[in-house]
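See below for the structure under consideration.
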Amino acid sequence: MTKLVTSILASSPSAAATVARDVQARGGRWIEIRLDGWSATDDDFDALAAALPPGSWIATCRSVDEGGHAEADTMTRVSRLIAAGLAGAGFVDFEFADWQRSANIRQKIQLAVTRNRTPGTPPAGLILSAHDFSDRPDNPAALPAEIARQESAACVKLAWRARDITDNLLALDLLRASPVPAIVLCMGPAGLLSRVLAGKFSAFATYCAPQADAATAPGQPELDAMLRHYRFDKIGGDTKLFGVIGDPVAHSMSPVLFNACFDAHDQDAVYLPLLVAGDADTFNRFMAGLAERPWLDAAGFSVTVPHKQHAAAFLGDHVDPLAAQIGAVNTLVRRADGYFGHNTDHAGALDAITDALGCDRSDLADLPVEVLGAGGAARAIVAGLRHCGAHVTLFNRNATRARELAQAFSCRSKPWEDRGGDHDVRLVINCTPLGMWPNVDETPLPAERLEGQPVVFDTVYNPMETRLLREARLAGCVTVDGVSMFIHQAAAQYRLWFDEGLDKAFLRSVLTRQLSRQDRA
Ligand code: NAP
Numbered sequence: 000m001t002k003l004v005t006s007i008l009a010s011s012p013s014a015a016a017t018v019a020r021d022v023q024a025r026g027g028r029w030i031e032i033r034l035d036g037w038s039a040t041d042d043d044f045d046a047l048a049a050a051l052p053p054g055s056w057i058a059t060c061r062s063v064d065e066g067g068h069a070e071a072d073t074m075t076r077v078s079r080l081i082a083a084g085l086a087g088a089g090f091v092d093f094e095f096a097d098w099q100r101s102a103n104i105r106q107k108i109q110l111a112v113t114r115n116r117t118p119g120t121p122p123a124g125l126i127l128s129a130h131d132f133s134d135r136p137d138n139p140a141a142l143p144a145e146i147a148r149q150e151s152a153a154c155v156k157l158a159w160r161a162r163d164i165t166d167n168l169l170a171l172d173l174l175r176a177s178p179v180p181a182i183v184l185c186m187g188p189a190g191l192l193s194r195v196l197a198g199k200f201s202a203f204a205t206y207c208a209p210q211a212d213a214a215t216a217p218g219q220p221e222l223d224a225m226l227r228h229y230r231f232d233k234i235g236g237d238t239k240l241f242g243v244i245g246d247p248v249a250h251s252m253s254p255v256l257f258n259a260c261f262d263a264h265d266q267d268a269v270y271l272p273l274l275v276a277g278d279a280d281t282f283n284r285f286m287a288g289l290a291e292r293p294w295l296d297a298a299g300f301s302v303t304v305p306h307k308q309h310a311a312a313f314l315g316d317h318v319d320p321l322a323a324q325i326g327a328v329n330t331l332v333r334r335a336d337g338y339f340g341h342n343t344d345h346a347g348a349l350d351a352i353t354d355a356l357g358c359d360r361s362d363l364a365d366l367p368v369e370v371l372g373a374g375g376a377a378r379a380i381v382a383g384l385r386h387c388g389a390h391v392t393l394f395n396r397n398a399t400r401a402r403e404l405a406q407a408f409s410c411r412s413k414p415w416e417d418r419g420g421d422h423d424v425r426l427v428i429n430c431t432p433l434g435m436w437p438n439v440d441e442t443p444l445p446a447e448r449l450e451g452q453p454v455v456f457d458t459v460y461n462p463m464e465t466r467l468l469r470e471a472r473l474a475g476c477v478t479v480d481g482v483s484m485f486i487h488q489a490a491a492q493y494r495l496w497f498d499e500g501l502d503k504a505f506l507r508s509v510l511t512r513q514l515s516r517q518d519r520a
C-alpha cells in the first residue's frame, strides 16, 4: 500500500518531534524528517528517536539545488543522514545527482542505510531522488530508468513542477512503467492528480503537509485533506476518478461535497479539484490524454469557468440537446464511446425555484422574470426558464451581451440602469458575481428596488446569505439562495454519474459546515 508521508521541515529536532507527535495523533503513519531545516550545530537525534517508532520515518537532507535548505556541503549532509540511519530512520532519501558524484559518497550513503542499527531493526531503504522545482526535466522518462539501474536503490523518486495538468498523466505513465518501486509526482498547483492517484497505482509513497502553511514542496495537500476529504486510505486499483475542471478551482466547494457523498454512499471513488489552465488548448489536451488512458477510470467531471464552452466545443454532438442550446457543458459522463456532456445548472436553478415556491416547472409558464447578468450562469438559467415558458427580461452591464442572449432565447433585454422596481415581475434572479465573497458589501440591486418584489433568487452561494438576500428578506420577499441551486445541480450531476439520488439536507449540512469554516479562516 502506498505510504502517505507527512513531510516535516522544522527548525530543530525537538520541534520536528513535536510536529511528528501531532501528525501521528491525527492519523499520519509515515513521516519524512527534513534534516535541512536544522542549524548545523543542532544534531540531537535522541528527541526524534523518542518520538518516532523505528523504521516509520524517512530522513532527507535536501540540497539547495533541489529545493532544500541545506547550505552545508555534501559530506555534511551525508553525515546527518548516517546519524538519522542510526536513530532509526526506515528510509534515507538522497539526491541522485550527488549519488553520481563519487564512489566515496555512494559508500558513505550505504553506511547511512546499514550501519549499527538498533537490534531488531532492518537496514534502512535507500530512496534515490531527483527534483526540479521550476520545470519538467527534458527527458523525464530517462531519469527513473537510470536510477532504477542502481542496485542499492529501494525506490526511485522523481518530482517536477507541472507545466500544466497534462504533466500528471505523464507522471502516472512513468509510475506505471517503473520496474522498481517508485514515486513520481508533479509539484505546483496543477500537480494534485499525481499526488492523490499515487495510491491507485501503488506508488511507493506520496507526500502531504502537516498544515496548509507548512508544505515542504509547492502543491502538497494537507494531511487532513488527504485522509478526510480524499480518503487516501481507501484509494486502490479500482478507485474511480471524478473532479472539477476549472481555473481557478482551489476554492471550489465541489470536492468537499462530492467526497462526503462518496463516503456516505460507500463509493470507491475520489473527487479532485483539477486546475486546467484557462485556454481551450490545455482543456483539449487534458481530455485527449484522459481518452488515451482508460486505466485512469476517469468516470466523470464537473466543468466550471472558463471551460464550460470549451467542453461543449470539444464534445461536438456528444452533448445533450439543452446543453447544446445553452452552448455550455458543466457535467461530463464517461460512456463506452467517450465522454458525453450535460448542463445541470439550469435544472439546479429551476429546482431551487420550484422548491422555494412549492410549485412544479409547469407553473413557471408565463411567469414574468427579471434576470441580472448575461454570462454562463444567466445563459443556463434563461434557457431553463424559457424551456418552461417563463417571460424573461434581461439586464446586463454590457448591453450588447444582453441583447445577444435575449435574441438567442427569444426574450427581452433592457438597460442595466433600469433593473428592479417593476412590480409586475414575480421573480428576480441575480446571475452576476456582485456580493460574492470577499466583496460581500456589494449588491446588484439597491434595497429600495426590492420593495414589492415577491421572490428574489441569488445564484451567488458564498456567503450563503448575500447582502441582496438579506435586504430582500428584510423587505419581506421570499428568498432563494445560491446554495440551493448548487445542491440541486450537484445532485443532478451525481444522478448522471451513479443513477442515484442524494439527500438534499445532507448536502446542505456539508456545504454549510464548509462555508462557515471558510468564514472563520
Ligand atoms: P460569467 O460568465 O463571468 O458572467 C458574469 C456576469 O456578471 C456577466 O453578465 C457580467 O457582466 C456580470 N458582472 C460581472 N461583474 C459585474 C459588475 N461589477 N457589475 C455588473 N455586472 C457584472 O460568470 P457566470 O459563470 O455566469 O457566474 C456568475 C455568478 O453565478 C457567479 O458569481 C457564481 O457565484 C454564480 N453561479 C452559481 C452557481 C450555483 O450553483 N449556485 C452556478 C454557476 C454560477 P458583463 O457581461 O457586463 O461583463
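Positions 0 to 520 (numbering that gives the first Met the number 0) are the ones given, in order, by the sequence shown. The beta-carbon is built from N, C-alpha and C at its ideal position, and this holds for glycine as well.
Please name the residue or residues paired with residue i in a DSSP beta bridge.
i	result
tyrosine 206	Val4
phenylalanine 93	Leu127
serine 301	Val243, Thr330
arginine 33	Thr59
serine 412	Leu393
glutamate 221	Ala208
proline 367	His390
valine 183	Leu157
valine 195	Paired residue(s): none; valine 195 is not in a bridge.
aspartate 457	Asn429
leucine 273	Ile244
alanine 268	Lys239
alanine 69	Ser62
glycine 337	Arg334
Decide if residue i is buried, meaning its Cβ has at least 16 other Cβ atoms within 10 Å, or exposed.
i	result
glycine 198	buried
alanine 263	exposed
tryptophan 294	exposed
histidine 306	buried
glutamate 31	buried
histidine 130	buried
arginine 100	exposed
threonine 458	buried
leucine 473	exposed
alanine 24	exposed
proline 143	buried
valine 479	buried
glutamate 499	exposed
glycine 235	exposed
valine 248	buried
glycine 337	exposed
proline 462	buried
methionine 225	buried
Please identify the residue among the options whose C-alpha is closest to the C-alpha of residue i.
i	options	result
lysine 503	Ala259, Pro445, Glu70	Ala259
serine 361	Gly383, Ala213, Val370	Gly383
threonine 205	Ser301, Leu3, Ala158	Leu3
glutamate 470	Leu80, Arg230, Leu449, Asp316	Leu449
threonine 353	Leu8, Ile234, Val477	Val477
alanine 86	Asn461, Arg28, Ile104, Ser55	Ser55
leucine 433	Arg494, Ala490, Phe456	Phe456
leucine 125	Thr59, Gly420, Arg162, Ala69	Thr59
leucine 444	Tyr460, Lys107, Arg418	Arg418
asparagine 397	Val381, Leu366, Thr431	Thr431
alanine 405	Arg385, Gly357, His250, Cys185	Arg385
leucine 47	Thr113, Ala310, Ala15, Arg105	Ala15
serine 128	Glu65, Ile164, Ala310, Thr165	Glu65
aspartate 134	Cys185, Pro122, Phe95, Leu171	Cys185
Residue i CB to nearest chain B CB: under 8 Å?
i	result
alanine 279	Looking for chain B here will not work: only one protein chain is present.
Residue i and residue j look like a contact to me (Cβ under 8 Å); what is the Cβ gap, rounded to whole Å?
i	j	result
alanine 202	alanine 181	6 Å
arginine 160	phenylalanine 132	6 Å
glycine 36	threonine 5	So it is not a contact: roughly 14 Å between Cβ atoms.
proline 220	serine 251	About 14 Å separates the two Cβ atoms, so there is no contact after all.
isoleucine 325	alanine 379	5 Å
valine 269	valine 195	6 Å
alanine 491	alanine 346	5 Å
glycine 218	glycine 245	Going by Cβ atoms, the distance from glycine 218 to glycine 245 rounds to 16 Å, so no, they are not a contact pair.
Closer than 7 Å: is that where the CB of residue i sits relative to any heavy atom of the ligand PLP?
i	result
arginine 418	For the ligand PLP, the structure offers nothing, since it holds only the ligand NAP.
For this session: Inspect the CB distances between the segment 368-379 and the segment 400-417 and report whether three or more fall short of 8 Å.
Result: As far as the Cβ criterion goes, the segment 368-379 touches the segment 400-417, which means the pair count is three or higher.
For this session: Determine contact between the segment 341-357 and the segment 277-292, defined as no fewer than three beta-carbon pairs at a distance below 8 Å.
Result: no
For this session: Determine contact between the segment 235-246 and the segment 296-316, defined as no fewer than three beta-carbon pairs at a distance below 8 Å.
Result: Yes, since at least three Cβ pairs between the segment 235-246 and the segment 296-316 fall closer than 8 Å, the two stretches touch.
Problem set entry | Inter-stretch contact at 8 Å, needing at least 3 Cβ pairs: the segment 86-100 / the segment 62-76 | Result yes; three or more Cβ-Cβ pairs closer than 8 Å.
Exercise. Do the segment 382-401 and the segment 459-470 meet, that is, are 3 or more Cβ pairs less than 8 Å apart?
Worked result: no
For this session: Inspect the CB distances between the segment 207-217 and the segment 144-156 and report whether three or more fall short of 8 Å.
Result: no
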